[in-house]
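Taking it in order: structure first as C-alpha cells, then the write-up.
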Amino acid sequence: MAISSTEYAFLFLLEYLFGTITGKNAVYAYYCEWDQCETDQYCCGDNLCCDYVYSLWYFWVGIVFVVILLSACGGLFRYCYYNYRTGGHQSNYTLVPNLQAAYENKLHTRVNDAEAQVNYPYYEQRMNSSAKEAEAVELASYAVNFDVTGNLEPAVYFYQEAANALTQAQNLGSKLPNLESKIQEYTDRCQFLKDAVFRKNQPVAVSLSEEQKMLSRARFLFLQALDEDEQDNVNEAIELYTECVEVCLQIRGSTTDTGLQTKVSKLAEQALERAEALKGLKTPVTSPTSSTQPISSPRTSHPRIIPPLGIGNINLGTQQSIAQKPISSGSSSHFNLKVIGNDSYTSEEIDVLRCTSFINGREYVPFLLVDLKERFAYPMPFSDRDGKLVLSPKQKNIFSKWVRPEEICPNPKMIEVIDCFSIKQTVVSDCSFIASLAISAQYEKRFKKKLVTRIIYPQNRNGEPILNPCGKYMVKFHINGVLRKVVIDDYLPIGSHDELLCSYSNNRNEFWISLLEKAYLKVMGGYDFPGSNSNIDLHALTGWIPERIAIHPNDRDLDKERVFQMILKKFHQGHVLITIATGELTDGDAERAGLVSTHAYALLDVREIRNHRLFMLKNPWSHLRWKGNFSEYDFVHWTPDLKRDLSFDPKSAQMFDNGVFWIDYESIIRFFDVIYMNWNPSIFQYTYCIHQTWKAGLGPVKDIYNIGENPQYSLEVNVQSQATLWILLTRHITDREDFAKNREYITVLVYKNNGKRVYYPHDPPPYIDGTRINSPHYLCKIPLTEGGTYKYTLVISQYEKMKTIHYTLRAYSTCNFSLSRIANTFRTQEEITGEWKGNSAGGCKNHPATYNNNPLYQLQINSASDNTELLIELKAPKEYQVGFDIVTVTVNNANSSGYFSTKSSGAYRSGFVILALENVPAGTYNIIPSTFEPRREPDVHLISGSDDRQDVELDDVRLHPNIERILDDDRWIDDATGLIPHCLAILKMCHQLTERLVAMTMSSVPQTHHRLWEMIEVAKKISPRVDDVVRSMYPPLDARLLEARSTALILSVTHLTLVTRSVCNIITCDWIEDSLAEMSTHLKVLRDASENSDDCSKSDVIIHNNGSII
C-alpha cells in the first residue's frame, strides 16, 4: 500500500515512542540500491524512496506527548515521597456514605443560620443531628484533600473538627451506623499527623565533633579578650588570651584535619602575640582593634565604667557603707525616672533584700553594677552549679536527655527574628509566661525598642544578646523588689523523638525563648512550675507596672466603656502590655467556645472599626482557636469591607490553626475572667520605693478594729494642675508553694488624714478602700485632678496576718512627691492589766451614781517642755463597749497649747479605744476606764506610750485597781484563822516594793533604756497574781491554796526586783532585801498552816477508809 512520506514518518514516531515506553523497541533495516534515491530523498523501505517533507506538526505532537508523560511521572514520584515521609501510611479515609447524602441536603445549614451565629459557641448545641452530620461531611472532605496532598497542618485541624462534629451529632441523637468507629478513625489519623508535624517542626539533632565545639569556645575566648583589651583591663585580657591559646593547642593536638589545624594555629598566634605585647615581652604588630580578625561573630563589650543601673555597689554581706540603692520594678536608668528622696538603703532594707534573696532554696542576689563584668568565656563548657532543673511529670514521661544548642542544630543563634508568632509552648504549664513573652516580642517588633532581649547576657556592642558557645548565660529579672541576677547553663531537655520538651521558636536555629524560660523557671523552682499569672511574669521580665482588672458580665462596678477606650488608646501608644485570661470553664463550654479553662492569651491587636470592638488574641499553644463571633467560621460578621480593613481572610485562616484569632469585646466580657495589664513606667517622671518587713505578731490578726500597728506611710504630693500618682505594693515570695497556695491577701488603704497615723479602719473612712487580693502585686491609683498640696496616709493591710511578710512599696508620679514611713515615736510604753469587778464596774457617765466606782489610774509626766506626745489604748473583750476619760489633776503650764481639763476617748467601741494627744504639758493626770453599761466585768488592759522616756511615769498607785479597798476591807477583821493578816501584810509590802522599784527605774532609764521592755514584761505578770491571792482570802479559806498563790505573788515581785537591779545596775540594796525577808516571814506562817491542813486531810481520809465497806 502506498503511503506518503509524511504519514510514514508519523507512524514511525508513534511506533518508536511506544517501543520506548514498553521497552520493546524494534530494529529496522531497509535496503535501497546505490544511487536509487535522489539527494532530496531518503530510503524509507526496501528499494523505496521518500521525499523529505519539512512540515513539522508531527514533531510538536511528540513533544506534547513527552510532556504529559513526564508530568505523570512527577505526580507518581510525589505520591511515593509523601507516602514515605508520613511513615508509609496512606490516607484511605473516605466519607461515610450516609453522611454524603446528608451533606448534599444540609450543606448550607450552618452558613445560613444567621441567628445562631450571634452566639456561635452555643449554636451547635441547638442544631439537630442532621446539620452536624452535614458539617462533618464538609470538614472531613477538607481533611482528606489536605491529607492526600501532603498539607499536614490543615489536615490535622480538619480531622479534629470532623471528629468533634461527629461526636456532637452522636450526642444529638444521630443514628448513623459505625459512627463511633469513624470518630475513632478520624481521631487516630489526627494524632498520627500531629506527631508527624511535631517531628517535622522540631530541630534536627546534629553531631558536632568535639574539636568544632572547642574551636567555637576558642573564638569566643578571643573575642572576650579583645573586649577586655580595649577597655585596658590588662590582667583579664592576658588571662583570656592565654586560655584561648591553650584551647587552640588542645585542638591542634587532637585533630588530623590540616585545615582545622591551620585555623587554630592562626588564632593561637594572634592571641599569643597580643598577650606577649600586653606583658611587655614583644612590640605588637597591630593593635587589637585593627588586627585582622579570624572570625565574624559579634563581639561582646562590657565597659568598666558604666552609668549605674540603679543597682549600685550595695554589699549584702556587711552592714557597712551603703551606696546607691538598686531600683526595683523598673530602674530609673531603664525608664528615665527621677528617684525622689534618699537613694541609699537603710539597714532594715538590706536585711529585707538579703532575706528574700533565697528563693526556692537558691540565692539570687540583687543585680549590681559589677555584674556587667560577669565572665562568660571558659576553656571548658559551663555547667550550672545548681544542677539540672526539676522536670514536670509530663516531661518525665517522654524525657530522653539534656543537650546543648549545638547538639540540636548545626548553626544555633540566640535570635534570628523577634516575632510573637514563632513562640510555641509545649508541655510546661507556664502559659502566662509564654503569653508574656509573645506580647513583649511583639512590642519590640512594633516599636523597635528592646524589652526582653536586653535582659539576656552576654551581649554585643549593640546591646543584643548573643549565643555563647561556652554555655553560660545571665538573665536579670525584677523579683522581690529589685533586679536580680540569674545564671544558667544552656542544657535543654529533649524527648525520645529528639523533640524539645520546653518552649521553643519555630525558627529552628534560635534559642532565646528556651533559655529565657529556663532562667525564669529556675527561679520558680523548676519545670514543674505550678503556674502564676501574667502580671507576675511580665513584671519579672520587664519591670512594667502590673494592674489587674476583673471582668464579669454582671459586675456593676465594671465600666466597660472606660476600660475598652483605655485599652484601645494606650495599647497603640505602646504604654501597656496586655494578656487576657479565662476563668473556670466546664469541659462542654470550653469545647464549644474553642477556649481553654484558666488559660492566658496574649493580646496582639485591638480595633474599633465599623461599629465593632475587636481583639486579636494568641493562644500560647499555637493552636486551638475561638469558635464564636468573628472566628474564621463566622460568615455573618465578616463582611467584605471588614475583611479588607483588617486584612483578614477567614477562608485562608481555616486552612491552618496557629492559635491566633479575632474576638469581639462582648465575648471577652462573657467568656474571660481577668485582664492583666502591665504599664510602661516611662509614662511617669518620678519614683521612689521602700523595702520593709511586717512581723506577724505585730497588731491584731485581722484589721477589723485596730490598724494602728500596721505599717503606715506619709505621702505628700505637690500638684500644679493635675497629675497621675500610682502606688504599687509588692509582696516578696520565696517559696513555690506560695504561688500554688497563696493565702496572703494584701492591699493598700489610702486616708486623707494629713499624713498622720490612723488607728481605726473606718474612722476616718478611707479615701480609697483597697480590695484585698492574693496576688503578690496590688496597684492603687490616686486621682489628682486639681492643683494643690495633698497629704495622704497609706496603710498596708492584710486580710489575716498569718505569717511575717516582706514587701516593697513603690510610688510612681508625674509630679514631685515625698514618701516616708510614719515611725513609732513613742519611745516608752507601759501596760497594766486590771478588771471591772462588782461595784468597780461603774459604767459610763450616763450612770453618775456608779461612774466614780470605776478603776482609777494615775499618770505622771515630768518634762521641762510642754510638747510631749501621748498615746493611750484601752483593750477589752470585743463583746464589751469600752471607753475612758483622762482628767487633769495638776499641770505645770495651764497656758500650754495642749492643755485640757478632760479628754474622752470618744464613742464607746467594741473591745478597743485609743486616744492620741499632742503637746501635753507636764503634770499629773487620772485615767478612768469604763464600760458603757455598769456591772459589766471584763478584764482591762491599759497601755500608755510617750515620745520621751524621761517624760512619763505610768503608775497604778495601788498595784491593783482596788488595792486600797482590799487592804481596808472590814471583812478581813472577822477572820478566825489568823491567816488573813499575813496575806494583807504580803500584799501591802508587794505594793510598796513595786512602787519604789518603778520610781527607781524611771530615774535611771536614760542610761539603761534598752532593758526597759524586759522590766515591763515582768511587771505585767504581777497584777494577775494579786487577783489570785485576793480570791483565796474569801471564805471558805483553803490554807494550801492561800500559801500557793501568795508564793506565786512573791516570786513575781522577786523576779521584778532582779530585773530592776539589772536595769538600774544595782548590786546591793538594803530596803529590797529587808522587804523580801519580811515577806518570807509572813509566807512561812502560811506554809506552816498549809502543812497542818495536809495532815488533817490525810487523817480524814484514813477515817473514811476505815469506815468503808472493803
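Mind the numbering: the sequence shown is residues 1 to 1110 in UniProt numbering, read in order. All C-beta atoms, glycine included, are put in the ideal place defined by N, C-alpha and C. Please read all numbers here as calculations on a predicted model, not as lab measurements.
Within the DSSP bridge table, the entry for M474 names Y457 and V487 as partners. T924 and Y899 have their C-alpha atoms spaced approximately 12 Å apart. When only Cα atoms are considered, V596 and W626 end up about 9 Å apart. The shortest CA-to-CA distance from P412 to any of M566, G471 and T346 is the one to G471. In this structure, F571 lies near V606, with their beta-carbon atoms less than 8 Å apart. Counting along the chain, the unbroken alpha helix (DSSP H) around F447 starts and ends at C431 to F447.
In this structure, R736 lies near P530, with their beta-carbon atoms less than 8 Å apart. Around the beta-carbon of D430, 16 or more other beta-carbon atoms lie within 10 Å, marking it buried.
One Cα belongs to R810, the other to T687, and the distance between them is close to 7 Å. The segment 519-552 contains, as complete alpha helix (DSSP H) runs of 4+ residues, the segments 534-542 (chain order).
Contact between I513 and I580 fails: their C-beta atoms lie close to 21 Å from each other, not under 8 Å. Here the C-alpha atom of L558 lies approximately 7 Å from the C-alpha atom of I551.
Listed in chain order, the alpha helix (DSSP H) elements of length 4 or more contained wholly in the segment 843-905 are 848-851. Bounds of the alpha helix (DSSP H) holding P393 are P393 to I398.
At the C-beta level, L725 and I663 stay beyond 8 Å of one another. With contacts defined by Cβ atoms closer than 8 Å, F477 and V523 form a contacting pair.
When secondary structure is reduced to three states using DSSP, R772 falls in the coil class, being assigned neither helix nor strand.
In this structure, V795 lies away from I768, with their beta-carbon atoms at least 8 Å apart. Note that the C-beta distance between L1076 and T1054 is below 8 Å. For N171, no beta strand (DSSP E) encloses it; the enclosing alpha helix (DSSP H) starts and ends at L152 to N171. Here the alpha carbon of D490 sits roughly 27 Å from the alpha carbon of A602.
Between the alpha carbons of K752 and G525 lies a gap of roughly 42 Å. For P1024, the enclosing alpha helix (DSSP H) covers residues I1022 to S1032. L451 is positioned such that its CB atom lies closer than 8 Å to that of T542. Taking 8 Å as the cut-off, the beta carbon of N468 is found no closer than this to the beta carbon of N678. Rounded to whole angstroms, the separation of the alpha carbons of L729 and L870 is 31 Å. Under the three-state reduction of DSSP, Q692 is assigned to strand.
In this structure, T888 sits near S901, with a CB-CB distance shorter than 8 Å. Put simply, the backbone Cα of P981 is about 27 Å away from that of A841. Excluding sequence positions up to five before and after G495, its CB lies within less than 7 Å of the CB of I398, F399, S400 and L501, all in the same chain and listed in chain order. Y745 carries a coil assignment under DSSP once its states are collapsed to helix, strand and coil. In this structure, the CA atom of N233 is about 23 Å from the CA atom of C248. Counting every other CB atom within 10 Å of its CB across the protein chains shown gives I727 a total of 16 or more, marking it as buried.
Between the segment 813-827 and the segment 711-720 there are three or more inter-stretch CB-CB distances shorter than 8 Å, so the stretches are counted as touching. Here T187 is near A163, since their CB atoms are less than 8 Å apart.
Following the DSSP letters along the chain, one finds M566 inside the alpha helix (DSSP H) bounded by residues K560 to Q573.
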